[in-house]
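**Q** Supplied in structure tokens, the structure appears directly below.
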Amino acid sequence: GCMFVSSISTLTKLNLRSTCINQNGVKFLKSFKCLQVLHLNGNSSQRHVGDESCFHTSEIKSLREIEFELSGLTNVGVKHLSHLPLLENLYVKGNRIGDI
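For the sequence shown, our numbering begins at 438 and goes up steadily by one.
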């Protein structure tokens, strides 16, 4: 899935809501150098997106909006996202996040 989509180098928006993407799939997203909007909502399962995926996502410096609702995140993952220079909107509802 993600490996084939990652060949579209000009992609700016990607919606992967409830797709069962796992951390290995998220690694491929780093190749989207123009990606501005990424939705990974509802991928909390045995192979949830989770905190490690935030580490990989934080390498996509063009991101302006990320939705990680119900994705198995904690404060650790959100901290990785704080390094995104253009991030304007972050949605993390339904995760195990305390005070940020």
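Ideal Cβ placement from N, Cα and C applies to all residues, glycine included.
For N526 versus S508, is the C-beta distance shorter than 8 Å?
**A** The residue you call residue 526 lines up with position 89 of the sequence shown. The residue you call residue 508 lines up with position 71 of the sequence shown. Taking 8 Å as the Cβ cut-off, N526 and S508 do not qualify as a contacting pair.
**Q** Have a look at S490 and L448 and give me their C-alpha separation to the nearest angstrom.
**A** In the sequence shown, residue 490 corresponds to position 53, counting from 1. In the sequence shown, residue 448 corresponds to position 11, counting from 1. Rounded to whole angstroms, S490 to L448 spans 19 Å at the Cα level.
**Q** When you compare only the Cα positions, how much space is there between V513 and I534?
**A** One-based indexing of the sequence shown puts residue 513 at position 76. One-based indexing of the sequence shown puts residue 534 at position 97. Whole-angstrom Cα-Cα distance: 9 Å.
**Q** Identify every residue that forms a DSSP beta bridge with E502.
**A** By one-based count along the sequence shown, residue 502 stands at place 65. E502 pairs with V474, N526.
**Q** DSSP on T511, reduced to helix/strand/coil?
**A** Counting from one through the sequence shown, the residue named residue 511 turns up at place 74. It is a strand residue.
**Q** Taking the CB atoms as reference points, tell me whether Q473 and K450 lie closer together than 8 Å.
**A** Taking the first residue of the sequence shown as 1, we reach residue 473 at position 36. Taking the first residue of the sequence shown as 1, we reach residue 450 at position 13. Yes.
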